[in-house]
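Peer 1: Pasting in a structure now, in structure tokens, and then I'll have a few things to ask.
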Amino acid sequence: MAMEIKEPRIGVFVCHCGVNIGGFVDVPDVAEYAKTLPNVVHAENNLYTCADDGLTAIKNAIKEKNLTRVIVASCTPRTHAPLFMRICEEAGLNKYLFTFVNIREHCSWVHMKEQEKATAKSKDLIKMGVARAVLLEPQEEVKIDVRPSSLVIGGGIAGMTAALNLANQGFETHLIEKEPELGGFLRKLSTLYQTQESSAKAYEGLIKKVEANDKIQLYKNTTLKSLTGYIGKYDAVLNVNGEDKEIGVGTIIVATGADEYRPKGLYGLGEHDNIITLTDFEKMVKEDKVPADLKSVAFITCSGARGQDKEYCSRICCTVTVKNAMKVMEMASKGGDAEAKVEEASVDEKAVSDKEEEKAEEPEEEEGESRRRSRRDRRGRRGGRRRGAERGEERPKERGAAVDVTVFNRGITTYGIEQELLYNKSREQRVKFVRFVPENPPKVSMEDGKLTVSYYHETLKADRKMNPDLIILATPLTQRPDAQELSKMLKVPLGRDEFFLEAHVKLRPVDFATDGIFLCGTAHGPANITEAVAQAYGAASRASIPMSLGYVQAEAIVSYVDRERCSGCKSCEVVCPYGAIQFDEEGLAEVIVAACKGCGTCGSICPEKAITMTHYTDEQLTAEALAALEEVGT
Amino acid sequence: MSEEEATASGFEPKIIAFLCNWCSYAGADLAGVSRYQYPTNTRTVRVMCSSRVDPVLIIEMLIHGADGVLVGGCHLGDCHYITGNYYTEKKIKLAKKLIEKSGLNPNRLRLEWVSASEGERFSKVVEDFVNEVKTLGPSPVAGKNPDVDKLEGLFVAKNAARDFRLRSLVAREINLTEKGNVYDKTISQEEFDNLMDSAIDEEMARQKILLMTIDGPYSVLDIASQINLSPEIVLQHIVTLKDRGLVVVDRFDGVMPLYITPKEEVLR
Ligand SMILES: Cc1cc2nc3c(=O)[nH]c(=O)nc-3n(C[C@H](O)[C@H](O)[C@H](O)COP(=O)(O)OP(=O)(O)OC[C@H]3O[C@@H](n4cnc5c(N)ncnc54)[C@H](O)[C@@H]3O)c2cc1C
Ligand code: SF4
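Listed in order, the protein sequences are those of chains A and B.
Read left to right, the first sequence gives residues 0 to 633 (numbering that gives the first Met the number 0).
Read left to right, the second sequence gives residues 0 to 267 (numbering that gives the first Met the number 0).
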């Protein structure tokens with residue numbers, strides 16, 4: 000034991016935290032008690048240990064009393080440890096020789112009516128801290144070099160945005176796309192609800208920029224085959240058109256997007272040609288194949304989402320539904336469309352010539368433009384539109400609303416400033432919204448050879464039926480089937496809904512827990528382009544930090560393998576979530592310090608007791624816990 | 000202290016809580032911030048991940064008189080270390096089985112998932128566990144007159160928890176039952192549990208033998224009568240232990256070999 004070489008000199012600082020601790024725990028008594036503990040050479044109580052005078056007291060005591068260990072008994076290490084560790088360091092004490100004892104969150108605040116017991120518990124907790132402190136050892140945090148290059152997986156709008164951003168910062172960027180073309184899901188869409196413009200406008204320019212950028216190595220028809228390494232030094236093998244290619248990068252961005260969920264059989268999907276999904280409809284519009292004679296169209300939102308198959312809300316489908324409901328209205332109000340010719344069928348409505356149709360499309364173009372104008376400008380337009388609507392102008396209905404559009408929904412989520420207005424507009428245009436409860440969704444069947452939707456009208460309190468020509472299901476975005484494989488290769492997790500899981504939902508939204516790997520776009524969950532692009536900038540920016548610095552500081556809390564004891568059984572490799580264990584020529588385990596996160600899973604499974612967890616050794620944990628059992632304290 | 004005495008004197012259990020830094024410990028912090036009150040019986044040791052908690056460490060606590068041990072981790076799927084808590088589950092399962100074999104109630108060990116946002120739940124968990132331990136009464140091995148058999152049982156269990164085979168099995172339980180072995184074959188949970196149970200029984204028996212032979216030498220018959228196993232089975236174990244160098248023949252009593260644990264092994 001280190002103790003025999005040099006007796007540790009421990010200083011204990013007990014905090015009142017005003018009345019937060021002092022009001023429920025006899026702080027001076029606790030500090031007096033601390034003085035009686037072995038190796039404690041100094042103990043005091045402070046009104047606020049984290050305030051200037053408290054911090055100065057720590058620094059002074061370290062110098063004057065030659066403290067080699069510092070214990071602060073106050074709030075929680077989760078917020079205050081970095082501060083006190085820094086103070087120790089400033090006073091020349093290795094920060095790993097600092098011990099935190101929590102007597103506020105874990106004591107005074109939860110035992111407010113039992114002051115004696117709370118005081119006794121505080122004493123116990125400090126005794127445990129002392130037992131731990133005696134066994135602590137100084138630790139060094141090593142620096143690890145980071146290569147200034149990145150691998151971006153997925154060439155959708157998110158991946159392309161991230162890759163361009165990194166390349167423009169001067170980092171060598173490898174962008175891989177498994178399909179023959181860049182663009183991702185947007186390729187399947189007709190117009191975007193933000194602009195009503197073709198989705199191609201959103202990606203074509205980007206593709207050109209990506210292809211022209213000489214800092215971007217672009218690989219199409221390419222997937223990741225294998226990956227080894229850790230932040231700063233990832234070695235990847237790519238599968239490029241069936242051939243292996245090795246590259247080395249410092250960081251990785253996952254932008255693999257998402258797929259549309261197609262629940263076979265749900266509301267008859269896949270059983271009838273006229274039961275389709277939103278994406279099918281987008282394709283129809285894009286290819287000008289929407290039947291001209293539509294009299295009645297039904298949308299059903301949340302198909303397979305929000306508790307029906309998938310638990311989550313896919314967020315974008317409501318707005319896409321509203322946009323497409325209006326699209327159907329518009330097409331019909333123009334008295335059919337160009338496709339009518341191709342689709343032959345109902346000729347009676349085809350009074351409108353191609354010329355007229357072109358004219359009718361103009362305002363749409365203009366509207367697209369208007370999105371780019373200032374907010375004030377738009378407000379003016381909106382007001383104008385509303386007034387127009389009030390006067391009864393431009394209403395498709397007045398133009399003889401040729402089609403009946405019903406949106407069966409469980410509440411409409413057209414979140415966002417613009418999108419909510421789109422919803423209002425759709426109501427003005429007489430799109431019908433019929434609510435249903437999850438327990439009683441509409442039923443789709445064939446009756447007398449006709450598609451039939453039977454539903455319960457919540458407002459009318461009556462069972463009703465309708466016969467749409469087309470049923471369009473708003474199904475959620477869902478994870479791609481090969482994500483599981485990718486998640487294993489990168490050693491990053493998928494969450495409950497199978498989407499890639501960020502390190503922290505609020506504080507680290509585009510990081511993975513594994514250092515050096517980031518995520519953006521719909522790979523992380525349903526998002527629109529605006530959000531996917533914002534995430535892409537976030538991910539690129541996060542990835543650029545270690546690359547610009549050129550190094551990362553590795554954790555000091557890591558596992559360490561004693562080669563004398565290791566038998567090469569590989570148990571540690573099996574349980575390590577980070578692939579941080581590798582085996583040398585002799586088949587003995589070795590920890591990749593840069594990859595180890597210090598969880599200790601391996602240490603408490605190694606059958607040979609060959610693994611030591613620094614800063615959380617068996618001896619330290621045992622001593623700390625046993626101190627609580629030594630005598631009565633409750 | 001007997002159970003009746005304990006209730007009469009208002010028995011206050013001593014409970015060690017190992018809480019993971021990211022979820023349970025944070026949940027306990029939130030309980031504090033929200034002022035959810037709970038009994039004062041727990042003493043917390045912060046670990047980075049609940050999977051750091053070695054079954055050996057848990058049993059050590061019981062040996063030293065803890066009335067209960069609480070292990071807190073993140074909810075499955077939410078582990079800060081991705082899959083750490085799946086292994087916590089397996090480690091706790093082993094620890095519970097060993098505790099039961101040593102004659103203590105396995106409910107003295109409890110595993111709970113508490114997230115950083117579940118402050119109220121943390122306080123409920125503590126309250127509930129304290130109440131449960133109160134009904135179980137003081138640990139039979141705590142205090143001045145510990146139940147020697149059970150204490151010995153715990154020592155045996157602790158050594159078994161160090162065993163190579165048991166630990167390797169725990170490490171591979173998920174792979175074997177869910178992902179498949181090197182030949183891509185999975186075994187059913189039931190098959191695995193059976194395998195594990197017999198391994199535990201064998202290891203407990205071997206550790207009992209070792210505990211005796213440390214103070215040896217003893218003959219197979221001596222051992223068999225002492226630990227209530229047939230001499231054939233004891234002989235089998237002795238052969239295994241001899242192979243591992245954990246027992247050696249000390250001398251012969253007539254033709255009967257007497258076994259002892261060599262000094263180096265006792266210290267290891
Ligand atoms: C019906 C519908 C309508 C929509 N309408 C709009 C709209 O109007 N406005 C709007 O803002 N948003 C809309 N969206 C959402 C929009 O599609 C997404 O926000 C956007 O596509 C997300 O881009 P991404 O780059 O994250 O993912 P994706 O576009 O899915 O791109 C991911 C790319 O990664 C590639 N990839 C996947 N796995 C791998 C791998 N293992 N290796 C290599 N490459 C891989 C894929 O091939 C793909 O090219 C709509 C979505 C749907 C379903
Ligand atoms: S678990 Fe222990 S013995 Fe097995 S390979 Fe890892 S370090 Fe070596």
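Even glycine gets a Cβ: it sits at the ideal position worked out from N, Cα and C.
#1: Just the C-alpha distance for alanine 94 (chain B) and cysteine 48 (chain B), rounded to the nearest angstrom, thanks.
#2: For ligand 1, is there a heavy atom less than 7 Å away from the beta-carbon of valine 319 (chain A)?
#3: Is there a Cβ from chain A that is less than 8 Å from the Cβ of methionine 195 (chain B)?
#4: Mapping DSSP to helix, strand and coil, what is cysteine 317 (chain A)?
#5: Just how far apart, CA to CA, sit leucine 518 (chain A) and phenylalanine 511 (chain A)?
#6: On the CB-based measure, 16 or more other CB atoms within 10 Å of its CB, does aspartate 617 (chain A) come out buried or exposed?
#7: Going by the DSSP bridge assignment, what does tyrosine 37 (chain B) pair with across the sheet?
#8: Short check: CB of isoleucine 15 (chain B) to CB of methionine 60 (chain B), under 8 Å?
#9: For serine 1 (chain B), decide whether its Cβ has a neighbour in chain A, counting only Cβ atoms nearer than 8 Å.
#10: Taking 7 Å as the cut-off, is the C-beta of glutamine 418 (chain A) nearer than that to any heavy atom in ligand 1?
#11: Beta-carbon within less than 7 Å of alanine 166 (chain A)'s beta-carbon, same chain only, minus the 5 sequence neighbours each way: which residues are those?
#12: Considering only DSSP beta bridges, list what methionine 255 (chain B) is partnered with.
#13: Are there three or more Cβ pairs, one per stretch, closer than 8 Å when the segment 215-222 of chain B is compared with the segment 161-169 of chain B?
#14: Using a Cβ-based criterion (distance less than 7 Å to any ligand heavy atom), does glycine 102 (chain B) qualify as near ligand 1?
#15: With a threshold of 8 Å between beta-carbons, can histidine 110 (chain A) be considered close to chain B, or not?
#16: So that I know if they touch, is there some Cβ in chain B lying closer than 8 Å to that of proline 606 (chain A)?
#17: Given that glutamate 113 (chain A) touches chain B, what residues does it touch there, using C-beta distances under 8 Å?
#18: Taking the alpha helix (DSSP H) that aspartate 52 (chain A) belongs to, which residues open and close that run?
#19: For threonine 320 (chain A), is the classification buried or exposed, using 16 other Cβ atoms within 10 angstroms of its Cβ as the cut-off for buried?
#20: Note down, in chain order, every chain B residue with its Cβ under 8 Å from the Cβ of methionine 445 (chain A).
#21: By the 10 Å Cβ neighbour count, where 16 or more other Cβ atoms means buried, how is valine 52 (chain B) classified, buried or exposed?
#22: Can you tell me which of the three DSSP states asparagine 408 (chain A) falls into?
#23: Is phenylalanine 517 (chain A) a contact residue of ligand 1, with contact defined as CB to any heavy atom under 7 Å?
#24: Quick one: which unbroken alpha helix (DSSP H) runs of 4-plus residues sit fully inside the segment 105-148 of chain B? Chain order, please.
#25: What separation, rounded to the nearest whole angstrom, lies between the Cα atoms of glutamate 113 (chain A) and serine 107 (chain A)?
#26: Suppose you measure from the CA of alanine 627 (chain A) to the CA of leucine 257 (chain B); what does that come to, to the nearest Å?
#27: Say whether chain A places a C-beta atom closer than 8 Å to the C-beta of lysine 13 (chain B).
#28: Nearest chain A C-beta to leucine 245 (chain B) closer than 8 Å, yes or no?
#29: So does glycine 256 (chain A) have its beta carbon nearer than 7 Å to some heavy atom of ligand 1?
#30: Should isoleucine 86 (chain A) be listed as close to ligand 1, given that the test is whether its C-beta is under 7 Å from any heavy atom?
#31: Listed from N- to C-terminal order along the chain, which residues in the segment 115-147 of chain A have their beta-carbon within a distance smaller than 8 Å of any beta-carbon of chain B?
#32: So who's on the other strand from histidine 456 (chain A), going by DSSP bridges?
#33: Going by DSSP, what residue range makes up the alpha helix (DSSP H) through glycine 241 (chain A)?
#34: Do we get a CB-CB distance below 8 Å when we pair glycine 71 (chain B) with the residues of chain A?
#35: Tell me the rounded alpha-carbon separation between glutamate 89 (chain A) and glutamine 552 (chain A).
#36: Quick check: alanine 401 (chain A) and alanine 254 (chain A), are their CB atoms within less than 8 Å of each other?
Peer 2: With the given structure in hand:
#1: Locating residue 94 (chain B) in the second sequence gives position 95, where the first residue counts as 1. Locating residue 48 (chain B) in the second sequence gives position 49, where the first residue counts as 1. Their Cα atoms are separated by approximately 17 Å.
#2: Mapped onto the first sequence, residue 319 (chain A) falls at position 320. True, at least one ligand heavy atom lies under 7 Å from that Cβ.
#3: By 1-based counting over the second sequence, the position of residue 195 (chain B) is 196. So, not an interface residue.
#4: Counting from one through the first sequence, the residue named residue 317 (chain A) turns up at place 318. Cysteine 317 (chain A): helix per DSSP, three-state reduction.
#5: For this step, residue 518 (chain A) is matched to residue 519 along the first sequence. For this step, residue 511 (chain A) is matched to residue 512 along the first sequence. The alpha-carbon atoms of leucine 518 (chain A) and phenylalanine 511 (chain A) are separated by roughly 7 Å.
#6: Your numbering for residue 617 (chain A) matches position 618 in the first sequence. Flag for aspartate 617 (chain A) reads buried.
#7: On the second sequence, residue 37 (chain B) is found 38 positions in, with the first residue counted as 1. DSSP lists no partner for tyrosine 37 (chain B).
#8: One-based indexing of the second sequence puts residue 15 (chain B) at position 16. One-based indexing of the second sequence puts residue 60 (chain B) at position 61. Yes, these two residues count as a Cβ contact at 8 Å.
#9: Counting from one through the second sequence, the residue named residue 1 (chain B) turns up at place 2. Only weak support exists for where serine 1 (chain B) lies, its pLDDT of 49 falling under 50; the value from the coordinates is given anyway. By this cut-off, serine 1 (chain B) is not an interface position.
#10: Within the first sequence, numbered from 1, the residue matching residue 418 (chain A) stands at position 419. No, since every heavy atom of ligand 1 falls outside the 7 Å radius drawn around the Cβ of glutamine 418 (chain A).
#11: Locating residue 166 (chain A) in the first sequence gives position 167, where the first residue counts as 1. If we look at alanine 166 (chain A) and ignore the five residues flanking it on each side, its Cβ neighbours are Thr172, Asn212, Lys214, Ile215.
#12: One-based indexing of the second sequence puts residue 255 (chain B) at position 256. Paired residue(s): B:Asp252.
#13: no
#14: Translated into positions along the second sequence, residue 102 (chain B) becomes position 103. Glycine 102 (chain B) Cβ: outside cutoff for every heavy atom of ligand 1.
#15: Here residue 110 (chain A) refers to the residue found at position 111 when the first sequence is read from its first residue. Yes - at least one Cβ of chain B is within 8 Å of the one on histidine 110 (chain A).
#16: The residue you call residue 606 (chain A) lines up with position 607 of the first sequence. For proline 606 (chain A), the answer is yes, since a Cβ of chain B falls inside 8 Å of its Cβ.
#17: Counting from one through the first sequence, the residue named residue 113 (chain A) turns up at place 114. In chain order: Thr39.
#18: Here residue 52 (chain A) is taken as the residue at index 53 of the first sequence, counted from 1. Per DSSP, aspartate 52 (chain A) belongs to the alpha helix (DSSP H) from 51-63.
#19: Looking up residue 320 (chain A) in the first sequence gives position 321. Classification for threonine 320 (chain A): buried.
#20: Here residue 445 (chain A) corresponds to residue number 446 of the first sequence, with the count starting at 1. Those within 8 Å of methionine 445 (chain A) in chain B number zero; the least Cβ separation is about 41 Å.
#21: To locate residue 52 (chain B), count along the second sequence from 1; it is residue 53. Burial call: buried.
#22: For the purposes of this step, residue 408 (chain A) is identified with residue 409 of the first sequence, where counting begins at 1. In this structure, asparagine 408 (chain A) counts as strand in the three-state DSSP scheme.
#23: As a position in the first sequence, residue 517 (chain A) is number 518, starting the count at 1. No, Cβ of phenylalanine 517 (chain A) sits at least 7 Å from all heavy atoms of ligand 1.
#24: 118-135
#25: Counting from one through the first sequence, the residue named residue 113 (chain A) turns up at place 114. Counting from one through the first sequence, the residue named residue 107 (chain A) turns up at place 108. C-alpha separation (whole angstroms): 9 Å.
#26: If you number the first sequence from 1, residue 627 (chain A) lands on position 628. If you number the second sequence from 1, residue 257 (chain B) lands on position 258. Going by the C-alpha atoms only, they are around 42 Å apart.
#27: Indexing the second sequence from 1 puts residue 13 (chain B) at position 14. Closer than 8 Å: yes.
#28: Along the second sequence, read from residue 1 onward, the residue named residue 245 (chain B) stands at position 246. Closer than 8 Å: no.
#29: Translated into positions along the first sequence, residue 256 (chain A) becomes position 257. True, at least one ligand heavy atom lies under 7 Å from that Cβ.
#30: Residue 86 (chain A) sits at position 87 when you count from the first residue of the first sequence. Isoleucine 86 (chain A) Cβ: outside cutoff for every heavy atom of ligand 1.
#31: Lys116, Ala117, Ala119, Lys120, Asp123, Leu124, Met127
#32: The residue you call residue 456 (chain A) lines up with position 457 of the first sequence. For histidine 456 (chain A), which the question treats as bridged, DSSP gives the partners A:Ala461.
#33: Taking the first sequence and counting its residues from 1, the one referred to as residue 241 (chain A) is at position 242. Looking at the DSSP string, glycine 241 (chain A) is not in any alpha helix (DSSP H), and its letter there is neither H nor E.
#34: Position 72 of the second sequence, counted from the first residue, corresponds to residue 71 (chain B). Taking Cβ atoms only, chain A never reaches closer than 8 Å to glycine 71 (chain B), which makes this a no.
#35: Counted from its first residue, the first sequence places residue 89 (chain A) at position 90. Counted from its first residue, the first sequence places residue 552 (chain A) at position 553. Cα to Cα, glutamate 89 (chain A) sits roughly 19 Å from glutamine 552 (chain A).
#36: Here residue 401 (chain A) corresponds to residue number 402 of the first sequence, with the count starting at 1. Here residue 254 (chain A) corresponds to residue number 255 of the first sequence, with the count starting at 1. Contact: no.
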